[in-house]
Amino acid sequence: MTAILRTPGDWPAILLPRDETIDPLDLAAARERGAFVGLRRAIQDLGPTGTIATVAASGLRGRGGAGFPAGEKWRAAAASPTGVSGRRYVVANGYGADPSSQTDRTLLERNPYAVLEGLVIAAAAIGATDAIVAVRTDATDAIRVLETAAAAMLEANLAGDDIMGSGNSVEVTIRPVQGAYMLGEETVLLKALEGKRGQPEQRPPQPATSGLFGQPTVVQNVQTLAAIPWILANGAAAFAAIGSRASPGTILVSVRAPAGAGVAEVPIGTSLHDIIALAGPRAAAAKLKALIVGGPSGGILPAELADTAYEYEALRAVGAHIGSGAIVAADERACIVDLARLLTRFCADEACGKTIPCRIGLRRVSEIGDRIATGVPKPTDVQLLADLSADIVGSALCDHERLATLPLASGMRYFRSELDEHILRSSCPAGVCRPIAVAATSAH
Ligand SMILES: Cc1cc2nc3c(=O)[nH]c(=O)nc-3n(C[C@H](O)[C@H](O)[C@H](O)COP(=O)(O)O)c2cc1C
Ligand code: SF4
3 MTAILRTPGD
13 WPAILLPRDE
23 TIDPLDLAAA
33 RERGAFVGLR
43 RAIQDLGPTG
53 TIATVAASGL
63 RGRGGAGFPA
73 GEKWRAAAAS
83 PTGVSGRRYV
93 VANGYGADPS
103 SQTDRTLLER
113 NPYAVLEGLV
123 IAAAAIGATD
133 AIVAVRTDAT
143 DAIRVLETAA
153 AAMLEANLAG
163 DDIMGSGNSV
173 EVTIRPVQGA
183 YMLGEETVLL
193 KALEGKRGQP
203 EQRPPQPATS
213 GLFGQPTVVQ
223 NVQTLAAIPW
233 ILANGAAAFA
243 AIGSRASPGT
253 ILVSVRAPAG
263 AGVAEVPIGT
273 SLHDIIALAG
283 PRAAAAKLKA
293 LIVGGPSGGI
303 LPAELADTAY
313 EYEALRAVGA
323 HIGSGAIVAA
333 DERACIVDLA
343 RLLTRFCADE
353 ACGKTIPCRI
363 GLRRVSEIGD
373 RIATGVPKPT
383 DVQLLADLSA
393 DIVGSALCDH
403 ERLATLPLAS
413 GMRYFRSELD
423 EHILRSSCPA
433 GVCRPIAVAA
443 TSAH
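Okay, so the sequence shown: first residue is 3 according to the working numbering, each after it adds one.
Pasting the structure below:
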């Protein structure tokens, strides 16, 4: 089971209860701690317009990576015509595409009522009667917990017909889905929920106007939804006071350092250094070389940038992103060229193939990375990498293509001398890469 890293501080824990002994499925205890106060306020006091205005005023941004304002998405879906079917949908994205990040799975297992309450509030606010949680088939504990929690809510009239006598009806369904990395992308996920094989869709239209079965659909990461009950119970201003000015609230991070690992909740804007330190005193003291921030398409940052704020714009400015919430700290034993090429290969392998610059370009970029790491680069490789990356990003159909070149781009930007060692001297300073030339010589 994933370790929860202790996060001291004078800010309220919104996503993960600080007391680890709590039974996540005890509905009565959850209500004593304040669960479902937000739902009551939304459906009995605020109504759809007031609820959406509160979410918008809180400044809550999507935790699935892109950081889009939740209130804006809800407003668009609520205002979009439904046609004759009259249907709108809310989909909680709990797919957790990045295998190196345990954030969303941990949340689903430890705080299912927060996710489901947020889901029901979102549905009532946009006028949807169908609310779906999409979760990986192999996340069996999360599926069991969610199904038990949803049944308890139905029994307690916190979901289902005429919730709390308000006239709002929301049917909650837990939908296990299985596929590759790209299934976490929202338009692919929606196709999977329709029972079809999916590839990312050109936008516009956005899912908020034409999503599941062509109907207005709010797709929201499970963390985004889990923050909603707290916002409605405590007010938009209280939420806006936590985290950074541009990105209020808290977020889950999945940390892996040489001396410790686990999932932590932190206010957005916490420094990378302080997040790594949560993995334990030995992690805090370890001499780090690089931080991979954002998962497989993350940026590789030098340790000198560890005071960067974990926040959408601050990370983008240094060539990384929040992505899947994964932060991996590497020490002197790591080779940046090797890391960058392995991440790029993962991204190339996972590209769905719909767009040619992504399909062919990422493969070429990955091959160049392999050439450099194995000691047989061409003199034009560095320029070729830069040109290819620009072409790939410029023709992006989906965010995967826009982000997949980040590991190499950031590696080249911050660790140029290490790259040059590989190219000019066929030498790997960290002793990780096995240049073909050396391997061939030693074989004789
Ligand atoms: C390749 C790729 C994989 C993604 N995987 C996930 C995922 O596993 N979970 C998730 O919530 N969002 C994922 N996203 C982002 C979603 O497309 C979408 O932006 C998000 O679910 C919207 O919710 P939010 O606004 O609350 O972040 C992925 C995007 C891309 C391009
Ligand atoms: S950009 Fe890449 S991952 Fe995205 S749709 Fe095109 S081929 Fe698929």
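Virtual Cβ for every residue (Gly too), placed ideally from N, Cα, C.
Please return the same chain residues whose Cβ sits closer than 8 Å to the Cβ of residue 6, not counting the five positions on each side in sequence. For the purposes of this step, residue 6 is taken as residue 4 along the sequence shown, with counting starting at 1. These residues qualify, in order along the chain: 18, 22, 108, 112, 264, 265, 266.
What residue does the alpha helix (DSSP H) around residue 229 start on, and which one ends it? Taking the sequence shown and counting its residues from 1, the one referred to as residue 229 is at position 227. Its alpha helix (DSSP H) spans residues 224-236.
Taking the beta strand (DSSP E) that residue 291 belongs to, which residues open and close that run? Taking the first residue of the sequence shown as 1, we reach residue 291 at position 289. It spans 290-295 - the beta strand (DSSP E) in which residue 291 sits, taken as one unbroken run.
Could you check where the alpha helix (DSSP H) with residue 256 kicks off and where it finishes? Taking the sequence shown and counting its residues from 1, one reaches residue 256 at position 254. That residue, residue 256, is in no alpha helix (DSSP H); its beta strand (DSSP E) goes 252-259.
Cβ of residue 137 versus every heavy atom of ligand 1: is any distance shorter than 7 Å? The residue given as residue 137 occupies position 135 in the sequence shown. Residue 137: no, Cβ never under 7 Å from ligand 1.
Alpha carbons only, please: which of 131, 274, 60 is nearest the one belonging to residue 84? Within the sequence shown, numbered from 1, the residue matching residue 84 stands at position 82. Cα-wise, what sits closest to residue 84 is 131.
Alpha helix (DSSP H) runs contained entirely in the region 172-218, provided each spans 4 or more residues: The qualifying runs are 188-195.
Using a strict less-than 7 Å threshold between each residue's beta carbon and the heavy atoms of ligand 2, what residues do you get? 184, 201, 202, 353, 354, 355, 356, 357, 360, 361, 398, 399, 400, 402, 403
Is the separation between the beta-carbon of residue 73 and that of residue 58 shorter than 8 Å? In the sequence shown, the residue the question calls residue 73 occupies position 71. In the sequence shown, the residue the question calls residue 58 occupies position 56. A contact, by the Cβ cut-off of 8 Å.
For residue 20, count neighbouring C-beta atoms within 10 Å of its own C-beta (all shown protein chains included) and say buried if the count is 16 or more, exposed if not. Taking the first residue of the sequence shown as 1, we reach residue 20 at position 18. The residue in question, residue 20, is exposed, as its Cβ has fewer than 16 Cβ neighbours within 10 Å.
Using the rule of at least 16 other Cβ atoms within 10 Å of the residue's Cβ for burial, across every protein chain shown, is residue 348 buried or exposed? Locating residue 348 in the sequence shown gives position 346, counting from the first residue. Its Cβ being crowded by 16 or more others within 10 Å, residue 348 is buried.
According to DSSP, simplified to helix, strand and coil, what is residue 446? Locating residue 446 in the sequence shown gives position 444, counting from the first residue. Its pLDDT being 40, under 50, residue 446 is placed unreliably by the model, and nothing is read from it.
To test your reading of the DSSP string, which unbroken alpha helix (DSSP H) runs of 4 or more residues are found completely within the region 90-131? 105-112, 114-128
Identity of the residue in 394, 334, 195, 204 nearest residue 358 by Cα: Working through the sequence shown from its first residue, we reach residue 358 at position 356. With distances taken between Cα atoms, residue 358 lies closest to 394.
Excluding the 5 residues flanking residue 193 on each side, which residues of the same chain have their C-beta closer than 6 Å to its C-beta? Stepping through the sequence shown from its first residue, residue 193 is reached at position 191. Result list for residue 193: 200, in chain order.
With a Cβ-Cβ cutoff of 8 Å, do residue 341 and residue 294 count as a contact? Walking along the sequence shown from the start, residue 341 turns up at place 339. Walking along the sequence shown from the start, residue 294 turns up at place 292. Yes, Cβ-Cβ distance for residue 341 and residue 294 is below 8 Å.
Report yes if the C-beta distance between residue 1 and residue 175 is below 8 Å; otherwise report no. Because the chain is modelled from 3 through 446, residue 1 falls outside the range shown and cannot be assessed.
Which two residues bound the contiguous beta strand (DSSP E) that contains residue 263? Within the sequence shown, the letter at position 261 stands for residue 263. Unbroken beta strand (DSSP E) run through residue 263: 262-269.
Within 8 Å, strictly: CB atoms of residue 214 and residue 91: Translated into positions along the sequence shown, residue 214 becomes position 212. Translated into positions along the sequence shown, residue 91 becomes position 89. Result yes, Cβ atoms of residue 214 and residue 91 sit closer than 8 Å.
Within the present structure, is the beta-carbon of residue 221 separated from the nearest heavy atom of ligand 1 by less than 7 Å? Counted from its first residue, the sequence shown places residue 221 at position 219. Correct: residue 221 has its Cβ closer than 7 Å to ligand 1.
Pull up the distance between the alpha-carbon of residue 238 and that of residue 62, whole angstroms please. Residue numbering aside, residue 238 sits at position 236 when the sequence shown is read from its first letter. Residue numbering aside, residue 62 sits at position 60 when the sequence shown is read from its first letter. Going from the Cα of residue 238 to the Cα of residue 62 covers about 9 Å.
Take residue 171 and list the residues in its own chain whose beta-carbon comes closer than 8 Å to its own, dropping the five residues that flank it on each side. Counting from one through the sequence shown, the residue named residue 171 turns up at place 169. For residue 171, where only same-chain residues beyond five positions count, the Cβ hits under 8 Å are 131, 162, 163, 164, 165.
Between residue 389 and residue 289, what straight-line distance do the alpha-carbon atoms span, to the nearest angstrom? The residue you call residue 389 lines up with position 387 of the sequence shown. The residue you call residue 289 lines up with position 287 of the sequence shown. If you take the alpha carbons of residue 389 and residue 289, they lie about 34 Å apart.
Closest Cα partner of residue 98 within the set 326, 331, 387, 247: Translated into the one-based positions of the sequence shown, residue 98 becomes position 96. That would be 326, whose Cα lies nearest to the Cα of residue 98.
Pair within 8 Å by beta-carbon distance, residue 268 and residue 9: Counting from 1 along the sequence shown, the entry for residue 268 is found at position 266. Counting from 1 along the sequence shown, the entry for residue 9 is found at position 7. Against a cut-off of 8 Å, the Cβ pair of residue 9 and residue 268 comes out as a contact.
Taking only the alpha-carbon atoms, compute the straight-line gap between residue 428 and residue 378 and give it to the nearest angstrom. By one-based count along the sequence shown, residue 428 stands at place 426. By one-based count along the sequence shown, residue 378 stands at place 376. Taking the straight line from one Cα to the other gives about 8 Å.
Residue 323 at chain C interface by Cβ criterion, 8 Å: Considering every chain present, this structure includes no chain C. It has just one protein chain.
In this structure, what does DSSP give as the bridge partners for residue 273? Along the sequence shown, read from residue 1 onward, the residue named residue 273 stands at position 271. According to DSSP, which records beta bridges pairwise, residue 273 is partnered with 311.
Environment of residue 420 [buried if 16+ CB atoms lie within 10 Å]: Along the sequence shown, one-based indexing puts residue 420 at 418. That one is buried.
Would the C-beta of residue 127 count as close to ligand 1, meaning under 7 Å from any of its heavy atoms? For the purposes of this step, residue 127 is taken as residue 125 along the sequence shown, with counting starting at 1. No, the Cβ of residue 127 stays beyond 7 Å of every heavy atom of ligand 1.
Assuming residue 339 and residue 424 are in contact, meaning their beta carbons sit under 8 Å apart, how far apart are those beta carbons, in whole angstroms? On the sequence shown, residue 339 is found 337 positions in, with the first residue counted as 1. On the sequence shown, residue 424 is found 422 positions in, with the first residue counted as 1. Right, the Cβ-Cβ distance comes to about 5 Å (below 8 Å), so this counts as a contact.
Return the residue from the list 361, 362, 401, 410 that minimises the CA-CA distance to residue 374. Translated into the one-based positions of the sequence shown, residue 374 becomes position 372. Of 361, 362, 401, 410, the residue nearest in Cα terms is 410.
Which residues mark the beginning and the end of the beta strand (DSSP E) in which residue 47 is found? The sequence position of residue 47 within the sequence shown is 45, counting from 1. First-last for residue 47: undefined, no H or E at that position.
CB of residue 186 to nearest heavy atom of ligand 1: below 7 Å? To locate residue 186, count along the sequence shown from 1; it is residue 184. Look at residue 186: its beta carbon is less than 7 Å from one of the heavy atoms in ligand 1.
Among residues of its own chain, excluding the 5 on either side of residue 78, which ones have a beta-carbon nearer than 6 Å to its beta-carbon? Translated into positions along the sequence shown, residue 78 becomes position 76. The beta carbon of residue 78 lies closer than 6 Å to those of 210 in the same chain, with the five residues before and after it left out.
Residue environment, residue 380, which counts as buried when at least 16 other CB atoms sit within 10 Å: Here residue 380 refers to the residue found at position 378 of the sequence shown. It counts as exposed.
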